[in-house]
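Have a look at the structure below, then the notes.
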Amino acid sequence: MSETKTPEKTTDAKDAPKHAPRPEKTVNTPHQTVIDGQTLTYVATAGTLNLRDPKDADTASIFYVAYTLADVDDPSTRPVTFCFNGGPGSSSVWLQFGALGPRRVDLEDGATAVAPPYRLVDNAEGILDRTDLVFIDPVGTGFSRPQGEKEGKQFQTIDEDADSIVAFVERYLSRHHRWNAPRFLAGESYGTTRAAAIAWKLHQRGVALNGLVLVSLALDFQTFVFEPENDLAHILYLPAYAAVARYHGMAGADAPDLDGWIDEARAFAYDVYAPALLRGRALPAERRAAVAEGLARFTGLDAGEIARRDLRIEYLWFCKSLLGPGRQTIGRLDARYVGPDDDFGHRMARDPSFDAPYGAYAAAANDHLRRALKWEGDDAYVVFSMEVNEGWQWAQKDNLGYPDTATQLAKCLLAAPHLKVIVANGLYDLATPFSAAEYTVDHLDVPAELRTNVQLTYYPAGHMMYFHPPSRAQLRADLTAFYDGAVKKGG
246 MSETKTPEKT TDAKDAPKHA PRPEKTVNTP HQTVIDGQTL TYVATAGTLN
296 LRDPKDADTA SIFYVAYTLA DVDDPSTRPV TFCFNGGPGS SSVWLQFGAL
346 GPRRVDLEDG ATAVAPPYRL VDNAEGILDR TDLVFIDPVG TGFSRPQGEK
396 EGKQFQTIDE DADSIVAFVE RYLSRHHRWN APRFLAGESY GTTRAAAIAW
446 KLHQRGVALN GLVLVSLALD FQTFVFEPEN DLAHILYLPA YAAVARYHGM
496 AGADAPDLDG WIDEARAFAY DVYAPALLRG RALPAERRAA VAEGLARFTG
546 LDAGEIARRD LRIEYLWFCK SLLGPGRQTI GRLDARYVGP DDDFGHRMAR
596 DPSFDAPYGA YAAAANDHLR RALKWEGDDA YVVFSMEVNE GWQWAQKDNL
646 GYPDTATQLA KCLLAAPHLK VIVANGLYDL ATPFSAAEYT VDHLDVPAEL
696 RTNVQLTYYP AGHMMYFHPP SRAQLRADLT AFYDGAVKKG G
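All you need for my numbering is the position in the sequence shown, starting with 1, plus 245.
Encoded structure:
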(Lines of atoms letter the chains of each structure in order from A and count residues from 1; the text may use other names and numbers.)
(Lines give C-alpha, C1' and ligand atoms only; values in the text may rest on other atoms or scores of the structure.)
Protein backbone atom coordinates (compact mmCIF):
# COMPACT_ATOMS: atom_id res chain seq x y z
CA MET A 1 0.00 0.00 0.00
CA SER A 2 1.54 3.26 -1.04
CA GLU A 3 1.77 6.14 1.45
CA THR A 4 0.15 9.40 0.48
CA LYS A 5 1.65 12.58 1.92
CA THR A 6 -0.34 15.74 2.42
CA PRO A 7 1.54 18.56 0.72
CA GLU A 8 2.85 21.21 3.10
CA LYS A 9 0.92 24.45 3.04
CA THR A 10 2.97 27.33 1.76
CA THR A 11 2.28 30.99 2.29
CA ASP A 12 2.25 33.03 -0.85
CA ALA A 13 3.72 36.51 -0.49
CA LYS A 14 0.37 38.01 -1.38
CA ASP A 15 -1.27 36.07 1.48
CA ALA A 16 1.21 37.24 4.12
CA PRO A 17 0.01 39.91 6.55
CA LYS A 18 0.93 43.47 5.63
CA HIS A 19 2.63 43.95 8.98
CA ALA A 20 4.45 41.07 10.63
CA PRO A 21 3.05 40.31 14.11
CA ARG A 22 5.09 41.60 17.03
CA PRO A 23 5.04 39.63 20.27
CA GLU A 24 4.13 41.57 23.38
CA LYS A 25 7.05 42.65 25.51
CA THR A 26 7.53 44.26 28.92
CA VAL A 27 10.60 45.44 30.81
CA ASN A 28 10.39 46.38 34.51
CA THR A 29 13.01 48.51 36.25
CA PRO A 30 13.10 49.94 39.82
CA HIS A 31 13.63 53.66 40.41
CA GLN A 32 13.31 56.43 42.96
CA THR A 33 12.26 60.07 42.74
CA VAL A 34 11.64 62.92 45.16
CA ILE A 35 8.26 64.69 45.14
CA ASP A 36 7.18 67.21 47.76
CA GLY A 37 10.21 66.32 49.86
CA GLN A 38 9.38 62.60 49.94
CA THR A 39 11.49 59.87 48.36
CA LEU A 40 9.23 57.57 46.36
CA THR A 41 10.18 54.13 45.12
CA TYR A 42 8.46 53.05 41.94
CA VAL A 43 8.58 50.52 39.12
CA ALA A 44 8.79 51.73 35.53
CA THR A 45 7.31 49.35 32.97
CA ALA A 46 8.09 49.89 29.31
CA GLY A 47 5.94 47.56 27.27
CA THR A 48 3.59 46.79 24.44
CA LEU A 49 0.04 45.49 24.41
CA ASN A 50 -1.41 43.99 21.25
CA LEU A 51 -4.92 44.89 20.19
CA ARG A 52 -7.08 42.30 18.45
CA ASP A 53 -10.18 42.34 16.29
CA PRO A 54 -13.29 40.16 16.94
CA LYS A 55 -11.62 37.31 15.01
CA ASP A 56 -8.65 37.44 17.41
CA ALA A 57 -6.31 38.79 14.75
CA ASP A 58 -3.73 41.33 15.87
CA THR A 59 -4.47 44.86 14.68
CA ALA A 60 -1.96 47.04 16.54
CA SER A 61 0.95 46.99 18.95
CA ILE A 62 0.59 49.82 21.48
CA PHE A 63 3.69 51.00 23.31
CA TYR A 64 3.34 52.45 26.79
CA VAL A 65 5.38 53.43 29.82
CA ALA A 66 3.77 52.87 33.23
CA TYR A 67 5.03 54.27 36.53
CA THR A 68 3.67 52.34 39.51
CA LEU A 69 4.35 53.30 43.11
CA ALA A 70 5.98 50.49 45.09
CA ASP A 71 5.18 49.34 48.63
CA VAL A 72 1.48 50.16 48.40
CA ASP A 73 -0.85 48.28 50.77
CA ASP A 74 -3.46 47.55 48.10
CA PRO A 75 -2.21 48.36 44.57
CA SER A 76 -5.53 47.26 43.08
CA THR A 77 -7.31 50.31 44.54
CA ARG A 78 -4.63 52.96 43.94
CA PRO A 79 -5.61 55.66 41.41
CA VAL A 80 -4.30 55.16 37.86
CA THR A 81 -4.19 57.78 35.11
CA PHE A 82 -3.95 57.03 31.39
CA CYS A 83 -2.09 59.86 29.65
CA PHE A 84 -1.58 60.90 26.04
CA ASN A 85 -0.61 63.98 24.09
CA GLY A 86 -2.25 65.27 20.95
CA GLY A 87 -1.26 66.47 17.51
CA PRO A 88 -2.75 64.27 16.26
CA GLY A 89 0.53 62.49 15.64
CA SER A 90 2.31 63.19 18.92
CA SER A 91 3.79 60.63 21.26
CA SER A 92 3.34 61.07 25.01
CA VAL A 93 6.82 62.49 25.70
CA TRP A 94 5.58 66.00 26.52
CA LEU A 95 3.28 65.14 29.42
CA GLN A 96 5.57 62.29 30.49
CA PHE A 97 8.86 64.19 30.61
CA GLY A 98 7.54 67.72 31.07
CA ALA A 99 4.62 67.67 33.48
CA LEU A 100 3.28 64.53 35.13
CA GLY A 101 5.96 61.84 35.20
CA PRO A 102 8.63 61.24 37.87
CA ARG A 103 11.43 62.56 35.63
CA ARG A 104 11.50 65.67 33.47
CA VAL A 105 13.71 67.29 30.87
CA ASP A 106 15.85 69.96 32.51
CA LEU A 107 15.30 73.08 30.41
CA GLU A 108 15.00 76.68 31.53
CA ASP A 109 11.44 77.44 30.42
CA GLY A 110 12.08 75.68 27.10
CA ALA A 111 12.66 79.08 25.53
CA THR A 112 16.08 78.61 23.98
CA ALA A 113 17.30 75.72 21.85
CA VAL A 114 20.40 74.21 23.43
CA ALA A 115 22.86 71.61 22.20
CA PRO A 116 23.22 68.09 23.63
CA PRO A 117 23.82 66.52 26.04
CA TYR A 118 20.51 66.98 27.85
CA ARG A 119 19.54 66.06 31.40
CA LEU A 120 16.60 64.33 32.99
CA VAL A 121 16.07 65.29 36.63
CA ASP A 122 13.63 64.30 39.35
CA ASN A 123 10.34 66.02 38.66
CA ALA A 124 9.46 67.64 41.98
CA GLU A 125 6.18 68.77 40.40
CA GLY A 126 5.14 65.32 39.20
CA ILE A 127 1.99 63.60 40.49
CA LEU A 128 3.17 60.03 41.11
CA ASP A 129 2.44 60.60 44.80
CA ARG A 130 -1.25 60.91 43.88
CA THR A 131 -1.70 58.41 41.05
CA ASP A 132 0.04 55.71 39.08
CA LEU A 133 0.67 56.86 35.52
CA VAL A 134 0.38 55.07 32.18
CA PHE A 135 1.68 57.03 29.19
CA ILE A 136 0.26 55.76 25.90
CA ASP A 137 1.64 56.31 22.41
CA PRO A 138 -1.19 56.08 19.83
CA VAL A 139 -0.66 54.04 16.66
CA GLY A 140 1.93 55.66 14.42
CA THR A 141 3.71 57.42 17.29
CA GLY A 142 6.41 56.30 19.72
CA PHE A 143 6.98 52.58 19.13
CA SER A 144 3.27 51.89 18.42
CA ARG A 145 2.57 50.33 15.03
CA PRO A 146 -0.30 48.71 13.11
CA GLN A 147 -0.28 44.91 12.95
CA GLY A 148 -1.56 42.27 10.56
CA GLU A 149 -3.82 43.59 7.81
CA LYS A 150 -4.44 46.94 9.46
CA GLU A 151 -2.98 50.07 7.89
CA GLY A 152 -1.94 53.06 9.95
CA LYS A 153 -4.47 55.28 8.20
CA GLN A 154 -7.27 53.08 9.55
CA PHE A 155 -6.48 54.42 13.03
CA GLN A 156 -6.34 58.04 11.86
CA THR A 157 -9.91 59.07 12.62
CA ILE A 158 -11.42 60.44 15.81
CA ASP A 159 -13.49 57.30 16.41
CA GLU A 160 -10.93 54.63 15.42
CA ASP A 161 -8.19 56.36 17.40
CA ALA A 162 -10.42 56.51 20.48
CA ASP A 163 -11.50 52.89 20.02
CA SER A 164 -7.87 51.75 20.02
CA ILE A 165 -7.14 53.54 23.30
CA VAL A 166 -10.35 52.18 24.84
CA ALA A 167 -9.22 48.66 23.94
CA PHE A 168 -5.80 49.36 25.44
CA VAL A 169 -7.27 50.69 28.70
CA GLU A 170 -9.51 47.65 29.14
CA ARG A 171 -6.64 45.22 28.47
CA TYR A 172 -4.36 47.12 30.85
CA LEU A 173 -6.96 47.09 33.63
CA SER A 174 -7.40 43.35 33.21
CA ARG A 175 -3.73 42.49 32.88
CA HIS A 176 -2.71 44.51 35.94
CA HIS A 177 -5.80 43.89 38.11
CA ARG A 178 -6.80 47.56 38.27
CA TRP A 179 -10.53 47.26 37.63
CA ASN A 180 -11.39 48.58 41.10
CA ALA A 181 -8.93 51.47 41.00
CA PRO A 182 -10.04 55.10 40.74
CA ARG A 183 -9.45 55.88 37.06
CA PHE A 184 -8.50 59.07 35.26
CA LEU A 185 -7.64 60.22 31.75
CA ALA A 186 -5.14 63.01 31.06
CA GLY A 187 -4.83 64.56 27.62
CA GLU A 188 -3.25 67.62 26.08
CA SER A 189 -4.50 69.58 23.05
CA TYR A 190 -5.87 67.00 20.59
CA GLY A 191 -5.40 64.65 23.52
CA THR A 192 -8.36 66.45 25.13
CA THR A 193 -10.43 65.75 22.00
CA ARG A 194 -9.40 62.12 22.38
CA ALA A 195 -10.05 62.05 26.14
CA ALA A 196 -13.67 63.20 25.83
CA ALA A 197 -14.36 60.64 23.09
CA ILE A 198 -12.68 57.86 25.09
CA ALA A 199 -14.50 58.80 28.30
CA TRP A 200 -17.90 58.37 26.66
CA LYS A 201 -16.92 55.13 24.93
CA LEU A 202 -15.60 53.75 28.24
CA HIS A 203 -18.79 54.76 30.02
CA GLN A 204 -20.84 52.89 27.42
CA ARG A 205 -18.73 49.80 28.15
CA GLY A 206 -19.19 50.06 31.91
CA VAL A 207 -15.78 51.54 32.67
CA ALA A 208 -16.46 54.43 35.05
CA LEU A 209 -13.99 57.26 35.47
CA ASN A 210 -13.30 59.53 38.43
CA GLY A 211 -11.89 62.44 36.50
CA LEU A 212 -10.41 64.01 33.38
CA VAL A 213 -7.30 66.20 33.24
CA LEU A 214 -7.61 68.35 30.11
CA VAL A 215 -4.57 70.47 29.28
CA SER A 216 -5.06 73.13 26.56
CA LEU A 217 -8.64 72.29 25.65
CA ALA A 218 -9.57 71.38 22.07
CA LEU A 219 -13.09 69.93 22.12
CA ASP A 220 -15.09 72.20 19.81
CA PHE A 221 -12.93 72.98 16.78
CA GLN A 222 -15.17 75.81 15.63
CA THR A 223 -13.89 77.83 18.58
CA PHE A 224 -10.28 77.95 17.33
CA VAL A 225 -10.14 77.01 13.61
CA PHE A 226 -9.99 79.94 11.19
CA GLU A 227 -12.11 79.25 8.12
CA PRO A 228 -14.15 81.56 5.87
CA GLU A 229 -17.51 82.40 7.44
CA ASN A 230 -16.42 81.19 10.90
CA ASP A 231 -16.48 84.39 12.93
CA LEU A 232 -16.54 82.56 16.26
CA ALA A 233 -12.79 81.90 16.25
CA HIS A 234 -12.04 85.59 15.62
CA ILE A 235 -14.21 86.59 18.58
CA LEU A 236 -12.75 84.01 20.96
CA TYR A 237 -9.12 84.72 20.10
CA LEU A 238 -9.36 88.39 21.06
CA PRO A 239 -8.85 88.00 24.85
CA ALA A 240 -5.75 85.87 24.17
CA TYR A 241 -4.43 88.45 21.68
CA ALA A 242 -4.90 91.12 24.34
CA ALA A 243 -2.94 89.10 26.92
CA VAL A 244 -0.11 88.49 24.44
CA ALA A 245 0.02 92.10 23.26
CA ARG A 246 0.31 93.29 26.86
CA TYR A 247 3.06 90.75 27.57
CA HIS A 248 5.14 92.17 24.70
CA GLY A 249 4.42 95.78 25.65
CA MET A 250 2.38 96.47 22.52
CA ALA A 251 -0.94 97.16 24.28
CA GLY A 252 -2.51 97.49 27.71
CA ALA A 253 0.15 99.69 29.28
CA ASP A 254 -2.56 101.65 31.06
CA ALA A 255 -4.22 98.53 32.48
CA PRO A 256 -3.56 98.09 36.21
CA ASP A 257 -3.24 94.30 35.96
CA LEU A 258 -3.47 91.44 33.48
CA ASP A 259 -6.75 90.04 34.80
CA GLY A 260 -8.50 93.38 34.45
CA TRP A 261 -7.11 93.83 30.94
CA ILE A 262 -8.37 90.40 29.90
CA ASP A 263 -11.78 91.16 31.40
CA GLU A 264 -11.94 94.33 29.29
CA ALA A 265 -11.00 92.42 26.15
CA ARG A 266 -13.50 89.67 26.90
CA ALA A 267 -16.30 92.21 27.34
CA PHE A 268 -15.35 93.97 24.10
CA ALA A 269 -15.26 90.65 22.23
CA TYR A 270 -18.72 89.59 23.36
CA ASP A 271 -20.53 92.91 23.60
CA VAL A 272 -19.02 94.93 20.73
CA TYR A 273 -16.97 92.76 18.37
CA ALA A 274 -19.39 89.83 18.03
CA PRO A 275 -22.45 91.98 17.17
CA ALA A 276 -20.34 93.89 14.63
CA LEU A 277 -19.27 90.71 12.84
CA LEU A 278 -22.86 89.49 12.81
CA ARG A 279 -23.82 92.57 10.77
CA GLY A 280 -21.37 91.65 8.02
CA ARG A 281 -21.35 94.14 5.12
CA ALA A 282 -24.37 95.87 6.63
CA LEU A 283 -22.24 97.29 9.45
CA PRO A 284 -22.25 101.12 9.15
CA ALA A 285 -18.91 102.68 8.22
CA GLU A 286 -18.66 104.74 11.41
CA ARG A 287 -19.24 101.71 13.58
CA ARG A 288 -16.76 99.68 11.52
CA ALA A 289 -14.10 102.31 12.13
CA ALA A 290 -14.86 102.38 15.87
CA VAL A 291 -14.60 98.60 16.13
CA ALA A 292 -11.29 98.66 14.24
CA GLU A 293 -9.94 101.22 16.72
CA GLY A 294 -11.09 99.05 19.62
CA LEU A 295 -9.39 95.99 18.14
CA ALA A 296 -6.22 98.01 17.62
CA ARG A 297 -6.29 99.06 21.28
CA PHE A 298 -6.43 95.45 22.48
CA THR A 299 -4.06 93.90 19.93
CA GLY A 300 -1.47 96.58 19.23
CA LEU A 301 -2.07 96.18 15.49
CA ASP A 302 -2.81 98.96 13.03
CA ALA A 303 -6.49 99.98 12.94
CA GLY A 304 -6.38 100.76 9.23
CA GLU A 305 -4.99 97.32 8.40
CA ILE A 306 -7.58 95.69 10.66
CA ALA A 307 -10.34 97.54 8.79
CA ARG A 308 -8.88 96.48 5.44
CA ARG A 309 -8.98 92.88 6.66
CA ASP A 310 -12.70 93.22 7.32
CA LEU A 311 -12.18 93.39 11.12
CA ARG A 312 -10.87 89.83 11.18
CA ILE A 313 -7.52 89.01 12.79
CA GLU A 314 -6.30 85.55 11.84
CA TYR A 315 -3.76 84.26 14.34
CA LEU A 316 -0.86 83.83 11.89
CA TRP A 317 -1.15 87.45 10.81
CA PHE A 318 -1.19 88.47 14.47
CA CYS A 319 1.93 86.39 15.23
CA LYS A 320 3.85 87.80 12.27
CA SER A 321 2.69 91.42 12.70
CA LEU A 322 2.60 92.11 16.45
CA LEU A 323 6.25 93.15 16.77
CA GLY A 324 6.18 95.21 13.57
CA PRO A 325 8.63 95.10 10.64
CA GLY A 326 11.84 93.24 11.29
CA ARG A 327 11.24 89.63 10.25
CA GLN A 328 10.38 88.43 13.74
CA THR A 329 7.45 86.29 14.77
CA ILE A 330 6.01 85.28 18.11
CA GLY A 331 5.21 81.67 18.91
CA ARG A 332 1.87 80.02 18.30
CA LEU A 333 2.12 77.39 21.02
CA ASP A 334 3.58 79.94 23.41
CA ALA A 335 3.37 83.55 22.29
CA ARG A 336 5.95 84.68 24.86
CA TYR A 337 8.67 83.32 22.57
CA VAL A 338 10.16 85.34 19.72
CA GLY A 339 12.07 83.98 16.75
CA PRO A 340 13.08 84.82 13.18
CA ASP A 341 10.33 84.85 10.58
CA ASP A 342 11.91 83.44 7.43
CA ASP A 343 8.69 83.41 5.42
CA PHE A 344 7.42 86.66 3.91
CA GLY A 345 4.06 85.15 3.01
CA HIS A 346 0.96 84.45 5.04
CA ARG A 347 2.24 81.21 6.54
CA MET A 348 4.35 80.95 9.67
CA ALA A 349 7.47 79.11 8.54
CA ARG A 350 8.58 78.16 12.04
CA ASP A 351 7.13 78.27 15.53
CA PRO A 352 9.91 79.35 17.91
CA SER A 353 8.01 77.90 20.87
CA PHE A 354 8.12 74.42 19.27
CA ASP A 355 11.62 74.54 17.82
CA ALA A 356 13.38 75.17 21.12
CA PRO A 357 12.27 72.13 23.18
CA TYR A 358 11.77 69.56 20.39
CA GLY A 359 15.35 68.30 20.10
CA ALA A 360 15.83 68.11 23.86
CA TYR A 361 12.66 66.10 24.43
CA ALA A 362 13.38 63.73 21.53
CA ALA A 363 16.91 63.04 22.74
CA ALA A 364 16.07 62.76 26.43
CA ALA A 365 13.11 60.46 25.80
CA ASN A 366 15.10 58.12 23.58
CA ASP A 367 18.00 58.03 26.02
CA HIS A 368 15.75 57.37 29.03
CA LEU A 369 13.77 54.62 27.32
CA ARG A 370 16.81 52.79 26.00
CA ARG A 371 19.21 53.21 28.92
CA ALA A 372 17.28 53.79 32.15
CA LEU A 373 14.21 51.71 31.21
CA LYS A 374 16.27 49.06 29.34
CA TRP A 375 14.10 49.03 26.21
CA GLU A 376 16.07 47.24 23.50
CA GLY A 377 15.48 47.54 19.77
CA ASP A 378 16.48 49.40 16.65
CA ASP A 379 13.05 50.85 15.85
CA ALA A 380 12.85 54.62 15.68
CA TYR A 381 10.87 56.25 18.47
CA VAL A 382 8.51 58.63 16.66
CA VAL A 383 8.19 61.73 18.84
CA PHE A 384 5.87 63.43 16.36
CA SER A 385 4.57 62.01 13.08
CA MET A 386 3.72 64.49 10.35
CA GLU A 387 2.45 61.53 8.31
CA VAL A 388 -0.19 60.85 10.96
CA ASN A 389 -0.95 64.54 11.42
CA GLU A 390 -1.39 65.35 7.74
CA GLY A 391 -3.26 62.13 6.99
CA TRP A 392 -5.85 62.56 9.74
CA GLN A 393 -9.48 62.12 8.69
CA TRP A 394 -11.61 64.57 10.66
CA ALA A 395 -15.11 63.45 9.70
CA GLN A 396 -17.30 62.14 12.54
CA LYS A 397 -20.37 59.98 12.49
CA ASP A 398 -23.56 62.06 12.76
CA ASN A 399 -21.60 65.32 12.55
CA LEU A 400 -21.29 67.25 9.31
CA GLY A 401 -19.69 70.30 10.92
CA TYR A 402 -16.48 71.01 12.80
CA PRO A 403 -14.95 68.18 14.86
CA ASP A 404 -16.52 68.30 18.31
CA THR A 405 -16.28 66.01 21.32
CA ALA A 406 -17.76 68.50 23.79
CA THR A 407 -21.06 66.66 23.34
CA GLN A 408 -19.41 63.45 24.58
CA LEU A 409 -18.07 65.27 27.64
CA ALA A 410 -21.56 66.59 28.38
CA LYS A 411 -22.99 63.07 28.08
CA CYS A 412 -20.38 61.81 30.54
CA LEU A 413 -21.24 64.51 33.08
CA LEU A 414 -24.95 63.76 32.78
CA ALA A 415 -24.46 60.00 33.08
CA ALA A 416 -21.85 60.17 35.88
CA PRO A 417 -22.50 63.19 38.13
CA HIS A 418 -19.47 62.27 40.26
CA LEU A 419 -17.10 62.91 37.32
CA LYS A 420 -14.65 65.77 37.96
CA VAL A 421 -12.87 67.69 35.20
CA ILE A 422 -9.97 70.14 35.36
CA VAL A 423 -9.15 72.29 32.33
CA ALA A 424 -5.66 73.85 32.40
CA ASN A 425 -5.20 76.96 30.23
CA GLY A 426 -2.12 78.91 29.21
CA LEU A 427 -2.84 82.63 28.93
CA TYR A 428 -0.31 82.97 26.08
CA ASP A 429 -1.47 79.94 24.09
CA LEU A 430 -2.46 80.87 20.52
CA ALA A 431 -3.13 77.28 19.43
CA THR A 432 -6.02 76.60 21.81
CA PRO A 433 -6.77 79.97 23.46
CA PHE A 434 -8.16 80.07 26.98
CA SER A 435 -11.20 82.05 25.88
CA ALA A 436 -12.18 79.25 23.49
CA ALA A 437 -12.03 76.83 26.43
CA GLU A 438 -14.26 79.16 28.45
CA TYR A 439 -16.81 79.27 25.63
CA THR A 440 -16.78 75.47 25.31
CA VAL A 441 -17.36 74.93 29.02
CA ASP A 442 -20.04 77.63 29.16
CA HIS A 443 -21.90 75.89 26.32
CA LEU A 444 -21.84 72.35 27.71
CA ASP A 445 -25.41 71.09 27.58
CA VAL A 446 -25.61 70.16 31.26
CA PRO A 447 -27.41 71.68 34.27
CA ALA A 448 -25.68 74.49 36.14
CA GLU A 449 -24.95 72.26 39.12
CA LEU A 450 -22.96 69.86 36.91
CA ARG A 451 -20.96 72.65 35.32
CA THR A 452 -19.42 73.18 38.76
CA ASN A 453 -17.74 69.79 38.25
CA VAL A 454 -15.58 71.47 35.59
CA GLN A 455 -12.77 73.62 36.98
CA LEU A 456 -10.78 76.02 34.78
CA THR A 457 -7.28 77.01 35.85
CA TYR A 458 -4.98 79.60 34.26
CA TYR A 459 -1.20 79.95 33.97
CA PRO A 460 1.02 82.80 32.67
CA ALA A 461 2.52 80.58 29.98
CA GLY A 462 1.56 78.85 26.75
CA HIS A 463 0.14 75.62 25.34
CA MET A 464 2.64 73.57 27.37
CA MET A 465 2.44 75.72 30.46
CA TYR A 466 4.62 73.25 32.38
CA PHE A 467 7.69 74.52 30.47
CA HIS A 468 7.39 77.62 32.68
CA PRO A 469 8.71 76.69 36.18
CA PRO A 470 6.25 78.80 38.24
CA SER A 471 3.35 77.51 36.14
CA ARG A 472 4.55 73.93 36.52
CA ALA A 473 4.56 74.36 40.30
CA GLN A 474 1.06 75.85 40.23
CA LEU A 475 -0.17 73.07 37.94
CA ARG A 476 1.15 70.53 40.44
CA ALA A 477 -0.73 72.29 43.28
CA ASP A 478 -3.94 72.42 41.25
CA LEU A 479 -3.69 68.76 40.23
CA THR A 480 -3.00 67.46 43.73
CA ALA A 481 -6.10 69.25 45.02
CA PHE A 482 -8.07 67.95 42.03
CA TYR A 483 -7.04 64.32 42.58
CA ASP A 484 -7.71 64.49 46.30
CA GLY A 485 -11.22 65.79 45.63
CA ALA A 486 -12.00 63.46 42.73
CA VAL A 487 -10.92 60.30 44.54
CA LYS A 488 -12.88 61.29 47.65
CA LYS A 489 -15.89 62.21 45.53
CA GLY A 490 -15.70 59.03 43.50
CA GLY A 491 -15.11 56.82 46.51
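Where is the CB? At the ideal position from N, CA and C, for every residue including glycine.
Of A441, L546, P678, V379, the smallest CA-CA separation from L294 is found for V379. Note that the region 394-408 touches the region 438-457; at least 3 beta-carbon pairs, one per stretch, sit closer than 8 Å.
Counting only runs of 3+ residues, the beta strand (DSSP E) found wholly inside the region 344-399 occupies 348-350, 365-367, 377-382, in chain order. Taking all protein chains in view, the Cβ of A360 is surrounded by fewer than 16 other Cβ atoms within 10 Å, so the residue is classified as exposed. When secondary structure is reduced to three states using DSSP, F543 falls in the helix class.
The residues G334, G385, T386, in chain order, have a CB closer than 7 Å to that of S630 in the same chain once the five nearest residues on each side in sequence are set aside. Annotation for L294: the continuous beta strand (DSSP E) segment containing it runs 283-297.
Per DSSP, reduced to three states, the secondary structure at V517 is helical. At a cut-off of 3 residues, the continuous stretches assigned as beta strand (DSSP E) that sit fully inside the region 634-718 are 665-671, 699-704. Between L365 and H613 the beta-carbon gap is near 6 Å, inside 8 Å, which marks them as a contact. Of all alpha-carbon atoms in Y492, Y435, A369, F308, the one lying nearest the alpha-carbon of G622 is that of F308. The straight-line gap separating the alpha-carbon atoms of A655 and Y363 is approximately 42 Å. By the Cβ-count criterion, V668 is buried, with 16 or more other Cβ atoms from all chains shown falling within 10 Å of its own Cβ. Within its own chain, the residues whose Cβ lies closer than 8 Å to the Cβ of Y606, once the five positions on either side in sequence are excluded, are V338, W339, F342, G343, V350, V628, listed in chain order. Buried is the label assigned to S680, since at least 16 other Cβ atoms lie within 10 Å of its Cβ. Here K642 is exposed: its Cβ has fewer than 16 other Cβ atoms, across all protein chains shown, within 10 Å.
Counting along the chain, the unbroken beta strand (DSSP E) around L430 starts and ends at 428-433. Around the CB of N425, fewer than 16 other CB atoms lie within 10 Å, so the residue is classed as exposed.
In the DSSP assignment, N273 falls within the unbroken beta strand (DSSP E) covering 271-280. According to DSSP, D303 shares a beta bridge with R297. For G451, no alpha helix (DSSP H) run applies, since DSSP gives it neither H nor E.
The beta carbon of A676 sits closer than 6 Å to those of R577, L578, H708, all from its chain and outside the five residues before and after it, given in chain order. Secondary structure note for P602: its alpha helix (DSSP H) is the uninterrupted segment 597-612. The Cβ atoms of T702 and L720 sit closer than 9 Å to each other.
The C-alpha of D374 is placed about 7 Å away from the C-alpha of I280. Here DSSP, grouped into helix, strand and coil, assigns Y560 to helix. Distance between D596 and S566, taken at the CA atoms: about 14 Å. The three-state secondary structure of S461, taken from DSSP, is coil.
Taking A510 as the centre and dropping the five residues before and after it, the same chain places the C-beta of L483, P484, Y486, A487, A488, F543 closer than 8 Å to its C-beta, in chain order.
Its chain contains W562 as the residues whose beta carbon lies nearer than 8 Å to that of R554, once the 5 sequence neighbours on both sides are disregarded; these appear in chain order. The alpha carbon of A660 has as its nearest neighbour, out of G451, K619, W639, the alpha carbon of G451.
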